[in-house]
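S.K.: To start, I am sharing the structure in question, which I have written as structure tokens.
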Amino acid sequence: MTVRSTLRAVSPSVMGVLNVTPDSFSDGGRYLDFDAALARGLDMVAEGADIVDVGGESSRPGAEPVPEDEERRRVVPVVAALAPHVRVSVDTVKPGVAEAAIEAGATLVNDVSARLSGVAASRGVGWVAMHMRGTPRTMQDAPSYEDVVGEVGSFLVDRARAAREAGVSEVWVDPGIGFGKTVSHNLEILHRLSELVALGFPLMVGTSRKSFLGTVAARSDGSPTPVGDRLPASLATATWAMLAGAAMVRVHDVAATVQAAVLVGPARLPAVVGGRR
Ligand code: HH2
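Numbering (my numbering), first residue to last: 3 to 279.
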């Protein structure tokens, strides 16, 4: 066993994003073609992704829903082609698309609506419950909270407990960075991630390339950092989340994040100094 593989075994998981869409906010149109999607998925496997998350409908702010048959047409062949190589999740809010993807080999439903636990229960697969305020079309219309972490946490724990009771054995929770949240809400969630870890369900966090990073880590002239230049901020926040106890991060830049995860793994263990614990 190499040092890397030993460390990888104790490090957080890395979920690679594969958007088979024309309009996703950072990679829309790049992987709409089946061959391009499959090649990117296999690249992510080679880069060390633990899971590849295949999505056929953008959930960026303002996005319009995609008809179910079109979403299914985009997602199912890619899921089927990748499933023999890596664990595949399907990023959807439609029960019919989730069912079809599971039939094709997906074993995790990544559900930004937190409504599909019934599908996961009946099909015996895992489920990610994400918090969102409203729908992608409306979610950034002046979102407000009394206590964003408290409200997100109680929503997630209610959904997660109900899913467990309904028979879903693998339940993840995700605060939904950027989904009905201002820049300050996103930063507060990151600052207080340990409170979400304490809910007792494995925590997943997705900050990768999101617009708040462009605002916070702005260019020196004060303009937002463009989406293609947000790797350093993405990596910093993924590392922040992993050190705070996130068990999985959802990212576009898999190779770089796996390097960070490998270093974070031992950082989360009790210190071993000079052979003494
Ligand atoms: N973010 C996006 C999509 N799905 N799922 C979870 N669980 N957590 C997230 O933070 C999350 C998610 C948005 O990113 P992306 O898929 O790159 O963009 P788009 O929705 O435009 O396809």
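We put the beta carbon where it would ideally sit given N, CA and C, even for glycine.
1. Under 7 Å: does the beta carbon of R32 sit that close to some heavy atom of the ligand HH2?
2. In the DSSP assignment, the beta strand (DSSP E) including M46 goes from what residue to what residue?
3. Classify G178 as buried or exposed, calling it buried when 16 or more other Cβ atoms lie within 10 Å of its own Cβ.
4. Enumerate in chain order the residues of its own chain whose CB-to-CB distance from R32 is below 6 Å, with the five nearest sequence positions on each side excluded.
5. Less than 8 Å separating the beta-carbons of V253 and V19?
6. May I ask you to report which of helix, strand or coil DSSP gives S7?
7. Can you find a heavy atom of the ligand HH2 that lies under 7 Å from the Cβ of I191?
8. Just confirm the distance between the C-beta atoms of P67 and V251, as a whole number of angstroms; I'd bet it's less than 8 Å.
9. Roughly how many whole angstroms lie between the Cα atoms of R279 and P268?
10. How would you call H187, buried or exposed, if buried means at least 16 neighbouring beta carbons within 10 angstroms?
11. Go ahead and pull the three-state DSSP assignment for V275.
12. Take the Cβ of M285 as the centre, count every other Cβ of all protein chains shown within 10 Å, and call the residue buried at 16 or more, exposed below.
13. May I ask you to report which of helix, strand or coil DSSP gives L118?
14. Just confirm the distance between the C-beta atoms of P228 and G216, as a whole number of angstroms; I'd bet it's less than 8 Å.
15. If you follow the alpha helix (DSSP H) that M244 is part of, which residue opens it and which one closes it?
16. Could you name the residues that DSSP lists as bridge partners for G18?
17. A102 and V78 look like a contact to me (Cβ under 8 Å); what is the Cβ gap, rounded to whole Å?
18. Quick check: what's the CA-CA separation for V5 versus R270?
19. Please report the straight-line C-alpha distance between A168 and W174, rounded to a whole angstrom.
20. For R139, count the other beta carbons within 10 Å of its own beta carbon; 16 or more makes it buried, fewer makes it exposed. Which is it?
21. Measure the C-alpha to C-alpha separation of A262 and Y147 and round it to an integer number of angstroms.
22. Under 7 Å from any heavy atom of the ligand HH2, does the C-beta of V80 make it?
23. Using a Cβ-Cβ cut-off of 8 Å (strictly less than) and excluding sequence neighbours within five positions of A165, which residues of its own chain qualify?
24. May I have the straight-line CA-CA distance separating L195 from V81, to the nearest angstrom?
25. Should V92 and V111 be called a contact, given that it needs their Cβ atoms to be closer than 8 Å?
26. Within 10 Å of its beta-carbon, does S225 have 16 or more other beta-carbons around it, so buried, or fewer, so exposed?
27. Using only the alpha-carbon positions, how far apart do D25 and V185 sit?
28. In the DSSP assignment, find the alpha helix (DSSP H) that holds R74 and state where it starts and stops.
29. Does DSSP put G128 in a helix, a strand or coil?
M.R.: Let me spell this out:
1. no
2. That residue, M46, is in no beta strand (DSSP E); its alpha helix (DSSP H) goes 36-49.
3. buried
4. none
5. yes
6. helix
7. no
8. With a Cβ gap of about 27 Å, P67 and V251 do not count as contacting.
9. Confidence is the limiting factor: at R279 the pLDDT is only 43, short of 50, which leaves the residue's position unreliable and the question unanswerable from this model.
10. buried
11. Caution is warranted here: a pLDDT of 48 is assigned to V275, below 50, making its placement in the model unreliable, and the coordinate value is therefore given only provisionally. Reduced to three states, the DSSP call for V275 is strand.
12. Nothing in the structure corresponds to residue 285, since the chain is present only between 3 and 279.
13. coil
14. 7 Å
15. 233-246
16. V54, V253
17. 5 Å
18. 16 Å
19. 15 Å
20. exposed
21. 32 Å
22. no
23. S119, A122, A123, W129, A131, V173
24. 31 Å
25. yes
26. exposed
27. 22 Å
28. 70-84
29. strand
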